[in-house]
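This report concerns only the one structure given below.
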Amino acid sequence: MILKMIKEEWRKNSKLYNGRSFAAFPLVVLFFSMAWNYLVVEFSSVSNMMIGHSLVAIAGLIGVAVGFAGFSSRDAFDNVLGKSNYLVFSSKTLPVSKKKLYLDFFIKDTFFYLFLFVIPLSIGFMIPTNFVILPRLFDAVTVFFFALLISSTLALSSVSIPSLNLIKYSNFRRLDPVSSKSVLDVIRSSGGFFKIIFSLGVLTFFYWFMVLNFPLAAIFLQNPLLSFSVIIGLMNLSIYNWLNRFDSLETYNYLPLDIFSIAYSKETAYLFISLPVTYLLITASYLVYPSHYFLSLISGTATTMYGMVVAVRVLGLSPNERLYHADIFLKYLLGIGSLIVPLMYLSVVYDSSYLTHYLVVSGFGVLSGSYFMLKKISGKK
Amino acid sequence: MALIDVEDLEKSFGNVKALDGVNLEVEKGEIVGVLGPNGAGKSSLMKILTGQIDYQEGEARVFGRDPSVEPIEIKKRVGALPEREDPPSFLTGDEYLEFISDVREESIDRDEWVEKLKLEGKMDKVTHDLSKGERQKLMITQAFFHDPELVFVDEPLVNLDPVIQENVKDLFKDTRDNGGTVFLCTHVISLAEELCDRVFFLKEGEHVEEVENVENLRKRFIKSQK
Numbered sequence: 000m001i002l003k004m005i006k007e008e009w010r011k012n013s014k015l016y017n018g019r020s021f022a023a024f025p026l027v028v029l030f031f032s033m034a035w036n037y038l039v040v041e042f043s044s045v046s047n048m049m050i051g052h053s054l055v056a057i058a059g060l061i062g063v064a065v066g067f068a069g070f071s072s073r074d075a076f077d078n079v080l081g082k083s084n085y086l087v088f089s090s091k092t093l094p095v096s097k098k099k100l101y102l103d104f105f106i107k108d109t110f111f112y113l114f115l116f117v118i119p120l121s122i123g124f125m126i127p128t129n130f131v132i133l134p135r136l137f138d139a140v141t142v143f144f145f146a147l148l149i150s151s152t153l154a155l156s157s158v159s160i161p162s163l164n165l166i167k168y169s170n171f172r173r174l175d176p177v178s179s180k181s182v183l184d185v186i187r188s189s190g191g192f193f194k195i196i197f198s199l200g201v202l203t204f205f206y207w208f209m210v211l212n213f214p215l216a217a218i219f220l221q222n223p224l225l226s227f228s229v230i231i232g233l234m235n236l237s238i239y240n241w242l243n244r245f246d247s248l249e250t251y252n253y254l255p256l257d258i259f260s261i262a263y264s265k266e267t268a269y270l271f272i273s274l275p276v277t278y279l280l281i282t283a284s285y286l287v288y289p290s291h292y293f294l295s296l297i298s299g300t301a302t303t304m305y306g307m308v309v310a311v312r313v314l315g316l317s318p319n320e321r322l323y324h325a326d327i328f329l330k331y332l333l334g335i336g337s338l339i340v341p342l343m344y345l346s347v348v349y350d351s352s353y354l355t356h357y358l359v360v361s362g363f364g365v366l367s368g369s370y371f372m373l374k375k376i377s378g379k380k
Numbered sequence: 000m001a002l003i004d005v006e007d008l009e010k011s012f013g014n015v016k017a018l019d020g021v022n023l024e025v026e027k028g029e030i031v032g033v034l035g036p037n038g039a040g041k042s043s044l045m046k047i048l049t050g051q052i053d054y055q056e057g058e059a060r061v062f063g064r065d066p067s068v069e070p071i072e073i074k075k076r077v078g079a080l081p082e083r084e085d086p087p088s089f090l091t092g093d094e095y096l097e098f099i100s101d102v103r104e105e106s107i108d109r110d111e112w113v114e115k116l117k118l119e120g121k122m123d124k125v126t127h128d129l130s131k132g133e134r135q136k137l138m139i140t141q142a143f144f145h146d147p148e149l150v151f152v153d154e155p156l157v158n159l160d161p162v163i164q165e166n167v168k169d170l171f172k173d174t175r176d177n178g179g180t181v182f183l184c185t186h187v188i189s190l191a192e193e194l195c196d197r198v199f200f201l202k203e204g205e206h207v208e209e210v211e212n213v214e215n216l217r218k219r220f221i222k223s224q225k
């Protein structure tokens with residue numbers, strides 16, 4: 000069954016994208032991992048032991064992230080995958096127990112993400128360090144496995160948190176119908192709004208853990224709150240993913256809605272959720288590192304809005320699937336990097352003499368996001 | 000001018016020809032059936048006419064407009080009940096009615112529809128937790144609540160109990176009696192026989208025969224498929 004599931008996963012992905020592009024994704028991971036570690040080994044004082052620790056930590060984080068994707072799995076089965084048929088549903092028609100199928104599915108996912116992320120990532124750590132951290136590979140795989148096991152078990156056993164009586168469609172009257180529906184999809188699906196707070200919270204925690212404990216991070220991130228506000232634009236992609244996970248363009252085929260108005264609704268819903276979450280995380284981080292608060296709010300807004308423009312233009316309304324396409328992934332990196340890289344640089348070297356530069360680059364992000372939305376509104380009219 | 004006018008319509012999915020030279024006309028105030036076995040092209044025809052998919056050859060006009068050019072204008076004026084579509088999983092029944100009312104910018108008489116389709120006690124549940132039949136009732140509501148001039152329905156009675164089936168049939172007849180038109184795609188011969196004023200037989204994407212008198216439909220349909 001597991002081999003068949005792996006074959007099924009491969010066919011699904013290579014049908015969704017181009018088989019070769021999908022096959023190249025681990026190579027992209029390997030390339031970036033190796034490039035980063037080469038920089039660390041050659042240009043920093045970070046020890047190999049520390050690099051080994053970070054490999055294990057990252058593997059654990061991937062395990063948590065992949066496992067918590069299980070928050071959506073039950074809903075995804077019903078809403079997205081359910082329209083096709085997959086081996087994991089076989090218990091409906093064949094004498095195979097649901098538990099066994101879930102176990103097989105878990106094992107398949109373990110191998111799948113191991114080869115997609117963990118192995119290429121680890122090789123990218125090994126080569127620049129001349130394989131001296133090879134023994135940590137075992138730790139990384141073990142930590143990945145247990146992180147995945149624990150988080151996916153939690154995810155599968157979770158229930159919708161908010162009560163229907165508290166949050167209703169009519170509470171979002173100011174939004175258009177598809178935006179309201181999309182926000183409710185996220186809030187009412189398994190894990191509720193908690194899944195967003197949790198996934199972004201884990202990344203925020205990881206960031207501050209690195210900043211406060213890793214000498215390398217302290218060297219690079221001299222204004223860590225500013226740099227955090229820049230990175231938030233990247234992290235918020237997960238919110239855009241959630242908003243697009245429970246429907247597709249075809250869902251609205253029978254209604255008088257065109258692709259532009261549906262895309263506009265998704266963007267509105269994205270800003271409706273991501274901007275307050277961004278401000279919340281920046282404010283929480285300010286308690287850890289009280290510096291440059293208002294400037295961070297501005298750059299957080301900039302990267303969040305600009306991130307939306309790149310996500311919509313490059314990833315469309317199926318971001319999760321398209322991101323695994325190597326060509327599209329590179330396009331996304333180039334697109335988002337054109338704001339993130341200069342802003343990140345400015346956040347690192349920032350002192351008051353760079354205020355104008357910082358505001359100009361941030362302003363570009365906010366303006367491009369605003370212009371994108373305004374163009375859509377005028378297009379709708 | 001005919002409400003629906005289709006001439007030599009062709010549609011392929013890859014190498015598979017779904018429609019191959021279909022011709023038909025539908026006038027105002029009738030229930031017209033498109034009858035065909037599985038894979039005959041009924042759903043593809045409906046999707047083309049409601050602007051959900053494009054066609055490759057021939058012509059299609061609904062209200063004199065080309066659905067591949069003006070899909071939104073057509074969708075605004077018609078009701079559509081697709082064969083395989085559910086209401087959004089995480090909205091309650093009531094919220095779904097609000098949603099479609101907002102999308103169409105038309106008010107909805109919620110109580111009338113709840114009573115008509117016997118949805119009492121179900122409207123505060125998310126549709127994910129409703130039975131297939133109850134979800135189908137909500138889909139029927141969204142197709143008819145705005146009194147469209149033309150309604151496309153694809154296998155409309157699937158999963159409905161016999162009592163509701165009768166209510167839905169009455170709904171189709173009322174629509175026709177009030178000057179509306181129902182375009183019914185089905186493979187259920189008895190349903191077409193009972194409801195339709197005219198029937199078109201489809202066979203492997205080809206328009207085989209137009210039947211004005213729907214008596215003895217079963218025999219004629221089976222003969223048409225040979």
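Residue numbers (numbering that gives the first Met the number 0), protein chains in the order written: chain A, 0 to 380; chain B, 0 to 225.
We put the CB at the ideal spot given by N, CA and C, even for glycine.
Please read these numbers as outputs of a predicted model, since none were measured by experiment.
| Item | Value |
| --- | --- |
| Which listed residue (Ile118/A, Ser96/A, Val182/A and Ser46/A) has its alpha carbon closest to that of Tyr30/A | In the sequence on display, residue 30/A carries Phe and not Tyr. Here the closest residue by C-alpha is Ile118/A. |
| 9 Å Cβ cutoff, Ser88/B in contact with chain A | yes |
| Within 9 Å, strictly: CB atoms of Phe233/A and Thr302/A | Just to set this straight, residue 233/A is Leu in the shown sequence, not Phe. Yes, the pair counts as a contact, with Cβ atoms nearer than the cut-off. |
| Contact list for Ile188/B against chain A, beta-carbon separation under 9 Å | By Cβ distance, chain A contributes nothing, its closest Cβ being about 26 Å from Ile188/B, past 9 Å. |
| Cross-chain neighbours of Val102/B in chain A, by beta carbon under 8 Å | Pro176, Val177, Leu254, Pro255 and Leu256 |
| Nonlocal neighbours in the same chain, by C-beta distance under 7 Å from Glu119/B, ignoring five residues either side | Val113 |
| CB contact check: Lys222/B to chain E, cutoff 9 Å | Here the protein chains are A and B, and chain E is not one of them. |
| Chain B contact for Leu183/A (CB, 9 Å cutoff) | yes |
| Beta-ladder partner(s) of Ser43/B, from DSSP | BP columns for Ser43/B are empty, so no partner. |
| Residue-chain proximity (Arg389/A, chain B), Cβ-Cβ < 9 Å | Here chain A has residues from 0 to 380 only, and residue 389/A is not among them. |
| Cβ neighbour criterion (16 or more within 10 Å) applied to Lys3/A | exposed |
| Under 9 Å between C-beta atoms of Ile30/B and Leu183/B | yes |
| Length of the line joining the Cα atoms of Ala191/B and Ile163/B | 17 Å |
| Span of the alpha helix (DSSP H), counted from its first residue to its last, around Phe171/B | Pro161 to Asp176 |
| Exposed unless 16 or more other CB atoms sit within 10 angstroms - verdict on Phe283/A | The sequence given here places Ala at residue 283/A; Phe does not occur at that position. It counts as exposed. |
| Bridge partner(s) assigned by DSSP for Lys16/B | Ser11/B |
| Cβ-based burial, Phe70/A [other Cβ within 10 Å; buried from 16] | Here the model assigns Phe70/A a pLDDT of 49, short of 50, so the residue's position is not dependable, and the following value carries that caveat. Classification for Phe70/A: buried. |
| Closest residue to Pro161/B among Asp101/B, Arg60/B and Lys117/B (Cα-Cα distance) | Lys117/B |
| Asp4/B, DSSP secondary structure in three states | strand |
| His291/A - DSSP class collapsed to helix/strand/coil | coil |
| Cβ-based burial, Ser96/A [other Cβ within 10 Å; buried from 16] | exposed |
| Residues near Ala75/A by beta carbon distance below 7 Å, same chain, minus five either side | Here Ala75/A scores only 49 on pLDDT, less than 50, and its place in the model should not be relied on; the value that follows carries that caveat. Only Arg244 meet the Cβ criterion. |
| Separation of Gln224/B from Leu201/B, as counted between CA atoms | 8 Å |
| Closer than 9 Å at the beta carbon, the chain A residues around Thr126/B | Result: empty, since nearest Cβ-Cβ is about 11 Å, beyond 9 Å. |
| Beta-carbon gap between Val276/A and Leu329/A smaller than 9 Å | no |
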